[in-house]
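Enquirer:
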Amino acid sequence: MRTRALTALARGPQVSGGMIAGLTAAPGLWLAYGALVVLTSFLAAALPLAIQVNEDRALRQTVSASHPSRSTLQLNDPQTGLGLPLPERETALGEAAVEKTYHRVLENIPDLLKIDESQTSYGIRTSNTLAGLGPEVPRPDGLPPQFSVAAQAGLAEHATVREGHFPRAPGRATAVSAEIEAAITTDTAKEMGLRLGSVIPFVPMPQGHTLRVRITGILEPRSPEASYWSAQEILWNPSLDIDQSRPPREYWKAGLLIHPAAAPALLGTLGEPEAYWYLAPAPGAFTPQNLPALTDQIASLEGGPGLVGLRGVAGEDAVLATGLDAMLSSHEAVASTLNAIVTVAAVSTGSVAAITLVIAAGILARRRDSEFALLRARGASLSTLGSRLLIESVVVVVPAAAAGLLVAVRLIGESEAAIARAVTASGGVALLACTTLPVLVVTAHGRVRVHDERGDLAGAKHSGRRTVVELTLLAFAVSAVATLRRSGTAGDSNLLAASAPVLTSIVAAFLLTRSYPLPLRRLGRLAARRRGLLGFLSLARVGRAGSSGTLPIMVLLIALTTASFGGAVLAAVAGARDQAALRTLGADARISAPVENPVLPDSITRTVRAVPGVRVVAPVMVEEEVNVLLKKPAGGRRFPALIAVDPKSFSQFLRAVGSTGFPVGSLKSDANPDRPGVISAIASPGVAETLGHELQQVSTRAGIFTLRVTAIQTDTPVISSSEFLIVDSAQLPEPATTTLLISGEEADGPALRKAVSAYGNAIEVRLRTEERERYADSPLQSGAELIFASSLTAGSVFALTALSLSFLAASKERTSLLARLRTMGLTRRQARWLLVLEALPPAALAAVGGVLVGGATIWALGPGLDLSHIAFSALPGSGPTELVSLAVDARSLCLPALAVVALSVATATVQAWWAARAGTITELRAGDAR
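Per the working numbering, the very first residue in the sequence shown carries number 200; after that it's consecutive.
1. Quick one: grab the DSSP three-state call for S746.
2. Enumerated in chain order, which unbroken segments of the beta strand (DSSP E) with a length of 3 residues or greater are wholly contained in the segment 858 to 920?
3. Nearest CA to the CA of L500: which residue from I457, V398, A368 and T271?
4. Which residue or residues does DSSP assign as beta-bridge partners of M820?
5. Once DSSP output is grouped into helix, strand and coil, what is the label at D1127?
6. Measure the beta-carbon distance from L940 to V917 and round it to whole angstroms, keeping in mind my assumption that it falls under 8 angstroms.
7. From the DSSP output, in three-state form, read off Y321 for me.
8. Going by the CB atoms, is the gap between G514 and T279 shorter than 8 angstroms?
9. Between which two residues does the alpha helix (DSSP H) carrying E380 extend?
10. Mind checking whether T915 and V877 have CB atoms under 8 angstroms apart?
11. Nearest by alpha-carbon distance to G1053: which of L756, V348 and G396 is it?
12. What's the gap between the Cα of I752 and the Cα of R971?
13. With a cut-off of 8 angstroms, do at least 3 Cβ pairs link the segment 428 to 445 to the segment 364 to 371?
14. Among all the DSSP beta bridges, which residues are the ones paired with T359?
15. What are the complete beta strand (DSSP E) segments, minimum 3 residues, inside the segment 767 to 825?
16. Buried or exposed: L670, going by 16 or more other Cβ atoms within 10 Å of its Cβ?
17. Residues in its own chain within less than 8 angstroms of A492 by CB, not counting five upstream and five downstream?
18. Find the nearest neighbour of T325 within the set A1030, L630 and A461, judged by alpha-carbon distance.
19. Go ahead and pull the three-state DSSP assignment for K299.
20. By how many angstroms is the C-alpha of R575 removed from the C-alpha of G645?
21. Using a Cβ-Cβ cut-off of 8 angstroms, state whether D315 counts as contacting chain C.
22. Looking only at C-alpha atoms, which of A696, L465, L439 and Q273 sits nearest to A519?
23. Check whether the segment 1083 to 1093 touches the segment 785 to 802, taking contact to mean three or more Cβ pairs, one atom from each stretch, closer than 8 angstroms.
24. Are the Cβ atoms of P463 and T373 separated by less than 8 angstroms?
25. Where does T938 fall in DSSP's three states?
26. P277 and K452 - do their beta-carbons sit closer together than 8 angstroms?
27. Look at I383 and I433 and say whether their C-beta atoms are less than 8 angstroms apart.
28. I need the straight-line Cα distance from H1068 to D787, nearest angstrom please.
29. When the Cα atoms are used, what is the spatial distance from L853 to T804?
30. Pick out whichever of L563, V706 and T642 has its Cα sitting closest to the Cα of A231.
31. Mind checking which residues open and close the beta strand (DSSP E) that includes A474?
32. Cα separation between V668 and L523?
33. Can you have a look at D691 and say buried or exposed, based on whether 16 or more other CB atoms are within 10 angstroms of its CB?
34. Would you report the Cα separation of V1035 and G785, rounded to the nearest angstrom?
35. Does the segment 316 to 325 come close enough to the segment 375 to 392 to have 3 or more Cβ pairs within less than 8 angstroms?
36. Among the residues of its own chain, which have a CB less than 6 angstroms from the CB of T239, if the five just before and after it don't count?
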């Protein structure tokens, strides 16, 4: 039966019969090959889908989570109708005119900018705040509150009446109206103490006219965080502002809501009323594909043809402002940078997967080598042989690739923008898997062979073609490394730069396999002179291994280099976040007193020291400004901060957090022996320049005292301010504690908060671990980090698969060899050690090469990579901005290499155990494994 099938396959007329014979020749291998194709196709399709889904979700979340003052399109018409006669100007500010203009404005907004009309706000407001008079308004430091008055449409749809009623406009409001109704929010009423019936007269006009506002309603906003309210947050959330005079004084700023029909009455105030239309875009309209077009349309609305069209309906002086364009541009730039870094891991993983498929196809080809040689001997042409193998491969591979694609789409999500790329990637996997086996077989059986030819690694001779290929790859690798170092992974050269680790690994694999035979021959000669059997036999076995062993070494080198590179990236990101969190807090945990009562109880220090995980507690007093006017204000800061510390606990704390070189000793009381009563101080450079070495009397919350600068320090972990004075708290007239600095990374956060809550809920507790997590809260950044780590994991899985396949390829031959050697007196222990010693040289070669190549790759590529976007939050101003560079991480280099050696030894041990279970007679009856 088998002979007839082979004859039919050689002649070629019966496709189905030959195909069935080929598939049933090695069903287990075909099944494993199909499973490998399913996995590879799934990962190839999942990558573009995951990137696209992550970008879509991140972009929409970025727009929806941003403050409405940045994301809305804010169209204003300053001093609406200024050049019109007063009656016509009153009409222009009327409810009907503003609403009509609103609908015309919507018609002029481009289609891509879909507007969420449910959160859009428009109306008339005062462009200048109005000072409120009368006995019922609060004056914290004697200053009158400032009110922003808005006649905003749609108030009834976005608020609920808690007391009174919505503001009304009885009669026709004009510029000489004496009184109008207004509503305030519950927060405004609570914070400012206003109530129903309160009357607020505004500062009179030069003509003597005074407009009074009567509070007739207290409202509860339904969604205060949404655009309708938060685009002008002052309307619902009052705030205490600080007057810049010395001493600084506080005053209230709040909003008053009036009926749209009452807007003309604002002409009788100093508020200079203007019309506004705040358009809230729908987050669902934003996709990465239309970002360039959206950016162009927003730019047109801000200062191009789009603005001309808006001015035609809203007024000649209308202006549109938004932070949406800057936010979208920043998102696009960050996404490009993150995707470039992810591409590095994806290219490496794809290379490992492709070579693994080639190795698997090679095993299929070798297992059926005698069959193909017989077919060639019976007259089968190469085209017939290749076409039949192609048909066999298509039958297995195409359904497997389709299954992988469908699983990826179902698990990750169907993104219209990425589905074409996913299908292309999956199709590429199918094409490679279908053509590899025919190509390998046709290449190997290009001429009819009488017997199997040996291809010993130790005696292999490399052809000129291989030398040309290796030199070409070397040129590409040098070009890729140079490109990445020069311009990073961005731009048109992205793919070439992302291929740098792979190309470097391939070149190193060729170099190692070329240099491998030399030490192998020498070790073999040395082992031949010794009496032991295992050393010589294992080295001889390694030397007789086929020169095709380059592929497994190449896979391991690429995987190890990628693992080292990825581990270094993740370690650099984690280290940067950790250091940034430490700089922000200055400690592993920080406890701060509330602003309204900035003093911590004395007993809280003992309580905190008893919390598990707390190592050192340093009590500190911080006063933000003391009366020392700086010569050169730094960053707009005119007065330095005063920091009072306990030198003993503070020095212990500094040692615990790894801060050295701080001159704590200069704070001792005997630092100024010639000046008794003068406090020694450590000053920042700016303060030292201002004070010099002269005595300076300062007045603080801790009393009035005289100090003298005895040391200079550029920074301090206590505060982020660049200008400060540090003194010994024990020398102050009235020392106090405002802050506790805590060292101890294992500090129990919940236990710490529970201990502190006994002294009041207003005391703030901040942990370094929580601060570190805050840097990873960007959905774009965290998603890219997850994809990057997943790509590295997939590459490791493929590398382990390739290593297992390489052992599987020679498993039958090894089992037969052990059976023969057992008949010659080889013990089971010796058989186990023989396989281990045979597996060690190539594993050690790959491990050492991986460490060397991984370290060299990180050193070479480090200057071209900026990891700040993946380390910190993607939006500007939301995290540190320093450069995060790649650095060699010893753990990432050594652990994967040791894992390869350990896995090789474990696989060899398992194979020896399995061979020992099989009977020697059974193996010898199976015939020659060749």
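Beta carbons: idealized from backbone N, C-alpha and C, even for Gly.
Expert: To lay it out plainly:
1. What you label residue 746 is simply residue 547 of the sequence shown in a count that begins at 1. Caution applies to S746, whose pLDDT of 49 falls short of 50 and renders its modelled position unreliable; the value that the coordinates give is listed next. Secondary structure of S746 (DSSP, three-state): helix.
2. If one requires a minimum length of 3 residues, the beta strand (DSSP E) runs lying completely within the segment 858 to 920 are 878 to 882, 895 to 899 and 902 to 911, in chain order.
3. The residue labelled residue 500 in the question sits at position 301 within the sequence shown. The candidate whose alpha carbon is nearest that of L500 is T271.
4. Here the question's residue 820 lines up with position 621 in the sequence shown. According to DSSP, which records beta bridges pairwise, M820 is partnered with A843.
5. If you number the sequence shown from 1, residue 1127 lands on position 928. Bear in mind that the predicted position of D1127 carries a pLDDT of just 49, short of 50, making it too unreliable to give a figure here.
6. The residue you call residue 940 lines up with position 741 of the sequence shown. The residue you call residue 917 lines up with position 718 of the sequence shown. Between L940 and V917 a beta carbon distance of about 7 angstroms is seen, short of the 8 angstroms cut, so the two are scored as contacting.
7. In the sequence shown, residue 321 corresponds to position 122, counting from 1. In the structure shown, Y321 sits in a strand (DSSP, three-state: E or B).
8. Here residue 279 refers to the residue found at position 80 of the sequence shown. Here residue 514 refers to the residue found at position 315 of the sequence shown. Contact: yes.
9. Position 181 of the sequence shown holds residue 380. Here E380 belongs to no alpha helix (DSSP H); instead the beta strand (DSSP E) covers E378 to T384.
10. Looking up residue 915 in the sequence shown gives position 716. Looking up residue 877 in the sequence shown gives position 678. Judged by beta-carbon spacing, V877 lies beyond the 8 angstroms limit of T915, meaning their Cβ atoms are not closer than that value.
11. Counting from 1 along the sequence shown, the entry for residue 1053 is found at position 854. Of the listed residues, the one whose Cα sits closest to G1053 is L756.
12. Counting from one through the sequence shown, the residue named residue 752 turns up at place 553. Counting from one through the sequence shown, the residue named residue 971 turns up at place 772. A straight-line Cα-Cα distance of about 39 angstroms links I752 and R971.
13. Not touching, per the Cβ criterion.
14. Within the sequence shown, numbered from 1, the residue matching residue 359 stands at position 160. Beta-bridge pairing links T359 to E419.
15. As summarised for the segment 767 to 825, the continuous beta strand (DSSP E) elements at least 3 residues long and confined to that stretch are 788 to 791 and 815 to 822, given in chain order.
16. In the sequence shown, residue 670 corresponds to position 471, counting from 1. Label assigned to L670: exposed.
17. As a position in the sequence shown, residue 492 is number 293, starting the count at 1. Once the five neighbours on either side are set aside, the close Cβ partners of A492 are L311.
18. Translated into positions along the sequence shown, residue 325 becomes position 126. The candidate whose alpha carbon is nearest that of T325 is A461.
19. What you label residue 299 is simply residue 100 of the sequence shown in a count that begins at 1. It is helical.
20. Reading the sequence shown from its first residue, position 446 is the one you call residue 645. Reading the sequence shown from its first residue, position 376 is the one you call residue 575. Rounded to whole angstroms, G645 to R575 spans 9 angstroms at the Cα level.
21. No chain C is present in this structure, which holds just one protein chain.
22. Within the sequence shown, the letter at position 320 stands for residue 519. Rather than Ala, the amino acid found at residue 519 in this sequence is Leu. Nearest C-alpha to L519 among A696, L465, L439 and Q273: Q273.
23. Cβ pair count under 8 angstroms is below three, so no.
24. Sequence index remark: in the sequence shown, residue 463 carries index 264 (1-based). Sequence index remark: in the sequence shown, residue 373 carries index 174 (1-based). A contact, by the Cβ cut-off of 8 angstroms.
25. Along the sequence shown, one-based indexing puts residue 938 at 739. Residue state for T938 is assigned as strand, using DSSP reduced to three classes.
26. Within the sequence shown, the letter at position 253 stands for residue 452. Within the sequence shown, the letter at position 78 stands for residue 277. Cβ distance not < 8 angstroms, so K452 and P277 don't count as in contact.
27. If you number the sequence shown from 1, residue 383 lands on position 184. If you number the sequence shown from 1, residue 433 lands on position 234. No, these two residues do not count as a Cβ contact at 8 angstroms.
28. By 1-based counting over the sequence shown, the position of residue 1068 is 869. By 1-based counting over the sequence shown, the position of residue 787 is 588. If I take the Cα positions, the gap works out to 24 angstroms.
29. Translated into positions along the sequence shown, residue 853 becomes position 654. Translated into positions along the sequence shown, residue 804 becomes position 605. Inter-residue distance for L853 and T804 is about 17 angstroms (C-alpha atoms, whole angstroms).
30. If you number the sequence shown from 1, residue 231 lands on position 32. The candidate whose alpha carbon is nearest that of A231 is L563.
31. Taking the first residue of the sequence shown as 1, we reach residue 474 at position 275. A474 -> beta strand (DSSP E) spans P472 to L478.
32. The residue labelled residue 668 in the question sits at position 469 within the sequence shown. The residue labelled residue 523 in the question sits at position 324 within the sequence shown. Cα to Cα, the separation comes out at about 50 angstroms.
33. Start at 1 with the first residue of the sequence shown, and residue 691 comes out as number 492. At D691 the pLDDT is 44, less than 50, meaning the model places this residue with poor confidence; the figure from the coordinates comes in the next sentence. Of the other Cβ atoms in all chains shown, fewer than 16 fall within 10 Å of the Cβ of D691; this residue is therefore exposed.
34. Residue mapping note: residue 1035 aligns to position 836 of the sequence shown, counting from 1. Residue mapping note: residue 785 aligns to position 586 of the sequence shown, counting from 1. The alpha-carbon atoms of V1035 and G785 are separated by roughly 52 angstroms.
35. No: the two stretches stay apart, fewer than three of their Cβ pairs being nearer than 8 angstroms.
36. As a position in the sequence shown, residue 239 is number 40, starting the count at 1. The answer, listed in chain order, is A552 and V628.
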